[in-house]
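Take a look at the structure below.
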Amino acid sequence: MRSVVASLLAAFAALGGMSIVITARLYANLPPLSVITHAPTQMIARGKPLIVKWPPQGQAAGTIPSITPTVIAASANEHPVPIASLAKLMTAHLVLARFPLRLGSVGPYITITTNDVSQYYRDVAQDQSSVQVIAGERLSEYQLLQALLTRSANNIAQLLATWVAGSQTSFVAEMNHEAAKLGLQGTHFSDASGFDPSTRATARAVTVIAAIDMRNRIFDRIVDEHTVTLPVAGTLPNIVARIGTGNVVGIKSGYTIWSGGCAAIAIQLPTRFGTRQAIGVVLGQQGPNSLHRAASLAEGLATQLSSGVTDMTAVRQDQVVGSLRIPWLPKDHHLKLIAAKTLDLAAWPGQKVTYHLHLNVKNVVAGISLHTVVGYLSVVSPSRSQLVPIITSQKVPVPGAWWRLVHG
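Shown next, in the form of structure tokens:
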């Protein structure tokens, strides 16, 4: 009798041990999933390269800020030349860097001194562009920038330089330091207004500064104003008559006998992706109506460059960018990972777009639902990087009990 009991106890013990094994297998961690990548590594923007019609004299350059942070095209005869009032693009850049403004704010007020009035009369005597001021007049930073940019006032450029840096000399040093930091080769500033003929740059360098300025919402708003109203000077038109009309949204022009006509013009054109901005810069126009001609040529160049942009689909919605090998499914069955949305880009023919797939496979567990985000596809163009969510194309099935028992 005792032997029968012992045998039964041994059998139950064995069953209990097997139960533990079975339980362990049924609840064991599942094996890792293997990833197969189908995403492209790069794509070259197609399209016929634009043959730019450059101005017959001087030099020119342009860019499209939304597709590149640098200059997109420049004429072959680039060399430093006097740039007249286009120097004020750097002046405004430094003012707004030191004293940033928010939309709707006008910044601090500056009281006009007798020295400022004397400077105004000296500029008038030299036939420099200027805006009338009187002692005791109070002008906000915003108003001073309006006078600087829309009226190209040299006396205001000097006033702002002293306000920002304490002296003209210190401000000019800051201008040249900033030019070096931006990598603007051949650029040299001798004054804040550009009246000095030794203030020089290339069309390429001016284009870079203009594009940086136009990214500032305050600057962008001011240079698009067709008229400006100041306390003493009254209501005055923008020196560049086309600004604030049609497709032209900025920027400014300049002229001295040393520089000839110079202009930087920004246009905004509608596209299927929204509006697209293009900037054209033309320097060194000589002869009658050189200022007007420079602005017209710069606008035409910006329009040309905009026409050379090609639209491309970088990623299609539901495009397969990867797949997962799931051990508990048949070997030929992979779970597809797809793009959650379409990403269209504007690019310059020949530009390269690169792709980087970032997946968190730990997020893919048995039972997760259709369209669960498991990572991102990073699409990097010359101007920016954008992320496209990557999702599952189906629900991830739960392994059956038999598979767990056999493979646990």
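Take the sequence shown: its letter number 122 is residue 127 in the numbering used here, and every next letter is one higher. Heads up, the beta-carbon is just placed ideally off N, CA and C, and yes, glycines get one too. The structure presented is a predicted model; accordingly, all values stated were derived computationally and were not measured.
Output yes or no for whether 8 Å exceeds the beta carbon distance between Ile88 and Val211.
-> Cβ atoms of Ile88 and Val211: closer than 8 Å.
When the Cα of Thr276 is compared with those of Asn159, Val314 and Gln399, which residue comes out closest?
-> When only C-alpha atoms are compared, the closest one is Val314.
Just the Cα atoms here: how many angstroms apart are Ser90 and Leu108?
-> The C-alpha of Ser90 lies about 25 Å from the C-alpha of Leu108.
Nearest to Gln309 (by Cα), restricted to the options Arg156, Ser135, Ser110 and Ala283 | Measuring from the Cα of Gln309, the nearest candidate turns out to be Ala283.
Mind the definition here: the stretch 245-254 touches the stretch 317-324 only if three or more C-beta pairs lie below 8 Å; say whether that holds.
-> No: the two stretches stay apart, fewer than three of their Cβ pairs being nearer than 8 Å.
Where does His338 sit, in a helix, a strand or coil, going by DSSP?
-> Collapsing the DSSP output to three states places His338 in coil.
So Val326 packs on Leu382, CB below 8 Å; how close in whole Å?
-> That pair is a contact at about 6 Å.
What are the residues that DSSP puts in a beta bridge with Pro275?
-> DSSP, once it has assigned bridges, lists Thr280 as partnering Pro275.
Local conformation of His98 per DSSP, three classes = DSSP, reduced to helix, strand and coil, places His98 within a helical segment of the structure shown.
What are the uninterrupted segments assigned as alpha helix (DSSP H) that are 4 or more residues long and contained completely in the stretch 68-156, given in chain order?
-> For the stretch 68-156, the full-length alpha helix (DSSP H) segments reaching 4 residues or more read 93-103, 119-130 and 146-155 along the chain.
Ser195, DSSP secondary structure in three states | Ser195 falls in the coil class under three-state DSSP.
Is the Cβ-Cβ distance between Gln273 and Leu340 less than 8 Å?
-> Against a cut-off of 8 Å, the Cβ pair of Leu340 and Gln273 comes out as no contact.
When DSSP labels each residue in this structure, what does Val57 get in the three-state scheme?
-> The three-state secondary structure of Val57, taken from DSSP, is coil.
For Val393, which residues from the same chain have a beta carbon less than 7 Å from its beta carbon, with the 5 sequence-adjacent residues on both sides left out?
-> If we look at Val393 and ignore the five residues flanking it on each side, its Cβ neighbours are Val320, Ala344, Ala345, Lys346, Leu348, Tyr381, Leu382 and Val384.
With DSSP collapsed to three states, give me the class of His231.
-> DSSP, read as helix, strand or coil, puts His231 in coil.
According to DSSP, is Gln1 helix, strand or coil?
-> Absent from the model: residue 1. The displayed extent of the chain is 6 to 413, so no value can be given.
Between the CA atoms of Pro404 and Lys336 - distance to the nearest angstrom = Taking the straight line from one Cα to the other gives about 14 Å.
In whole angstroms, what separates the C-alpha of Arg143 from that of Ser388?
-> Using only the alpha carbons, I get a separation of about 41 Å.
Please report the Cβ distance between Gln151 and Ile227, rounded to the nearest whole angstrom; I am assuming they are in contact, meaning their Cβ atoms lie under 8 Å.
-> Contact between Gln151 and Ile227 holds, since their C-beta atoms are separated by about 6 Å, short of 8 Å.
So, is Gly3 buried or exposed, given that buried needs 16 or more other C-beta atoms within 10 angstroms?
-> With the chain covering 6 to 413 only, the question about residue 3 has no answer from this structure.
Note down the Cα distance separating Thr250 from Gln190, rounded to an integer number of angstroms.
-> Distance from the CA atom of Thr250 to the CA atom of Gln190, rounded to whole angstroms, is 34 Å.
Per-residue burial, Thr397 [other beta carbons within 10 Å of its own, 16 or more giving buried] | Under a 10 Å Cβ-count criterion, Thr397 is classified as buried, with 16 or more other Cβ atoms of the shown protein chains found around its own Cβ.
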